Amino acid sequence: MDFDESPDEAGFRAEAVAWLDEHRSSPEALRVRRRPGEDDAAFVERARPWQALLADHGWAAITWPETYGGRGAPPAYAAIFSEEAAKRSLPTSPFVVGTGMAGPTIITHGDADQLARYLPPMLRGDEVWCQLFSETGAGSDLAGLATRAVRDGNEWVIDGQKVWTSGAHYSDYGILLARTDPNVPKHRGITYFLIDMHQPGVEIRPLRQITGASHFSEVFLTGARVPNDAVLGGVGGGWAAAMTTLANERTFMGGHGGGPGLADLFGLARRSGATAEPRVRQGLAAAHSRAQIMNYLGMQARTAAAKGQPPGPGTSALKLMAAQHRKRNADLALAIEGAAGMLAAASAPEGGQWQQYFLSAPSIRIAGGSDEIQRNIMGERVLGLPPEARQDKHVPFRDVPTSANRG
1 MDFDESPDEA GFRAEAVAWL DEHRSSPEAL RVRRRPGEDD AAFVERARPW
51 QALLADHGWA AITWPETYGG RGAPPAYAAI FSEEAAKRSL PTSPFVVGTG
101 MAGPTIITHG DADQLARYLP PMLRGDEVWC QLFSETGAGS DLAGLATRAV
151 RDGNEWVIDG QKVWTSGAHY SDYGILLART DPNVPKHRGI TYFLIDMHQP
201 GVEIRPLRQI TGASHFSEVF LTGARVPNDA VLGGVGGGWA AAMTTLANER
251 TFMGGHGGGP GLADLFGLAR RSGATAEPRV RQGLAAAHSR AQIMNYLGMQ
301 ARTAAAKGQP PGPGTSALKL MAAQHRKRNA DLALAIEGAA GMLAAASAPE
351 GGQWQQYFLS APSIRIAGGS DEIQRNIMGE RVLGLPPEAR QDKHVPFRDV
401 PTSANRG
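When we follow the UniProt record's numbering, the leftmost residue of the sequence shown carries the number 1, and every step to the right adds one.
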């Protein structure tokens, strides 16, 4: 990859800057700025008009094909737009589970009807999406999931439990993994579904976090139904589709990750007068260096995806660095704030955002695949180390000792 900005990229940046500056004071932009301590559901509701404005002008999913509302542009262009939006404190990711994870997976694995049905309202924020992958017994070992799907005519009946689902309580649809064949090894018996969250068989219970918010939920599926035309990638093809989703998730977490960004951290240091302190200056320089490395790793991953190449181990390196980056930035922010960093209320200095950021930082080491899983991937696929012993790899799932199989 050539990391120097080409004339075309420079022209695109100028176009993005002009558009953002023209619309940064629009009613949609003024409404979308996040308020300290604001509930996720309220923020997403306020963000819908901004998302629609982005979609109407081709900014909502820049790398998507033009046919589906994108620009068909290379990944570097999306990074440029996100960078310029962040400079103006304008979010580009309130609907990222849809546009950044579900959407690319549907584009890669979906049929024409699915693309036509799901992508337009997803792009505009008319339909919000969540991810229903993790379970109480299948987090790091995602392929060990026990949620079942049984065919009933032209529908599938889903029973099981999902956990750590972001935004489930305000989502319209979910991307769901369920086991459709327990008689084959665990990776091969999984199917990927697009499920309507507004049905009697879906019960959502918010989980209160250390921050006091309830961003995550448990989701109980009891006789929930999915039509056969909402199977993505074919029956039994769920693992390949899931890998597409997870690669996009890791890329997003490395490039964005939510919460205050690098510009906010530098702004905090300037406002507090801490930029004269050598330790703070070193911390800011390290943060800038990490951000640049993450940007390059993200561009590599998005470029590979744009070329139709399978997700590589680079997304694992990006995910690992994102977790480290967030923790170190949070530590530095609280060191700069001093005693004020212990306060999280909206009335606190800086709106209490850095305390919230600090408390949520450890979750990045787990979300999207734990640090240990990412190191295993890199060890095996980059360094060529022997893989861990996996005694259940070729065993039918029904014979794998799990709590679900013990009856």
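Beta carbons: idealized from backbone N, C-alpha and C, even for Gly. All of these numbers come straight from a predicted model, not from anything done at the bench.
- prompt: Residue range of the alpha helix (DSSP H) that residue 29 falls in?
  reply: Where residue 29 is concerned, the enclosing alpha helix (DSSP H) stretches over 27-32.
- prompt: If you compare alpha carbons, which of 189, 394, 64, 128 is closest to residue 179?
  reply: Among 189, 394, 64, 128, the Cα nearest to that of residue 179 belongs to 189.
field: Cβ-based burial, residue 341 [other Cβ within 10 Å; buried from 16]
entry: With 16 or more other Cβ atoms within 10 Å, it is buried.
- request: Alpha carbon to alpha carbon, how far is residue 337 from residue 274? Give it in angstroms, no decimals.
  value: Residue 274 and residue 337 have their alpha carbons spaced roughly 9 Å apart.
Candidates 358, 68, 348, 363, of which the one nearest residue 320 by Cα: The shortest C-alpha separation from residue 320 is found at 363.
For residue 222 and residue 181, the rounded distance between their alpha carbons: Their backbone Cα atoms lie some 18 Å apart in a straight line.
- prompt: Applying the criterion that 16 or more other CB atoms from any shown protein chain within 10 Å of the CB defines a buried residue, is residue 97 buried or exposed?
  reply: A buried status is given to residue 97, since no fewer than 16 other beta-carbon atoms sit within 10 Å of its beta-carbon.
- request: In angstroms with no decimal places, state the Cα-to-Cα distance between residue 173 and residue 18.
  value: Roughly 34 Å separates the two Cα atoms.
- prompt: Should the region 109-126 be regarded as contacting the region 42-59, the criterion being three or more beta carbon pairs within less than 8 Å?
  reply: Contact holds: three or more Cβ-Cβ distances are below 8 Å.
- prompt: If we call anything under 8 Å between Cβ atoms a contact, is residue 158 one with residue 204?
  reply: For residue 158 and residue 204, no; Cβs fall outside 8 Å.
- request: Could I get the ranges of all uninterrupted alpha helix (DSSP H) runs contained in the region 358-385, with 4 residues as the minimum, in chain order?
  value: Runs of the alpha helix (DSSP H) lying entirely within the region 358-385, each at least 4 residues long, are 371-381 in chain order.
message: Let me confirm a value: residue 131 is counted as buried when at least 16 other C-beta atoms fall within 10 Å, else exposed. Which label applies?
response: Residue environment for residue 131: buried (at least 16 other C-beta atoms within 10 angstroms of its C-beta).
message: Three Cβ pairs or more, each shorter than 8 Å: is that satisfied between the region 352-362 and the region 393-403?
response: No, because fewer than three Cβ pairs between the region 352-362 and the region 393-403 fall closer than 8 Å, the two stretches do not touch.
task: Select from 127, 317, 84 the residue whose C-alpha is nearest the C-alpha of residue 300.
output: Looking at 127, 317, 84, the one whose alpha-carbon comes closest to that of residue 300 is 317.
- request: Given a cut-off of 8 Å, decide if residue 149 and residue 191 are closer than it, judged by their beta-carbon atoms.
  value: Going by C-beta atoms, residue 191 is nearer than 8 Å to residue 149.
- request: State the Cα-Cα distance for the pair residue 79 and residue 183, rounded to the nearest angstrom.
  value: Each residue's alpha carbon lies about 44 Å from the other.
task: Please classify residue 87: is it buried, with 16 or more other beta-carbons within 10 angstroms of its beta-carbon, or exposed?
output: That one is exposed.
- prompt: When burial is assigned at 16 or more other CB atoms within 10 Å of the CB, is residue 257 buried or exposed?
  reply: Interpretation of residue 257 is limited by its pLDDT of 49, a score under 50 that renders its predicted location unreliable; the figure taken from the coordinates is listed afterwards. Under this definition residue 257 is a buried residue.
- prompt: Roughly how many angstroms lie between the CA atoms of residue 67 and residue 296, to the nearest whole one?
  reply: One C-alpha to the other measures close to 28 Å.
query: With burial defined as no fewer than 16 other Cβ atoms inside 10 Å of the residue's Cβ, what is the status of residue 210: buried or exposed?
result: Of the other Cβ atoms in all chains shown, fewer than 16 fall within 10 Å of the Cβ of residue 210; this residue is therefore exposed.
task: From the DSSP output, in three-state form, read off residue 146 for me.
output: If DSSP states are grouped into helix, strand and coil, residue 146 belongs with coil.
- prompt: Do you know whose CA, among 142, 283, 169, lies nearest residue 128's CA?
  reply: The shortest Cα separation from residue 128 among 142, 283, 169 belongs to 169.
message: In the DSSP assignment, the alpha helix (DSSP H) including residue 170 goes from what residue to what residue?
response: Segment: none, residue 170 is in no alpha helix (DSSP H) and carries neither H nor E.
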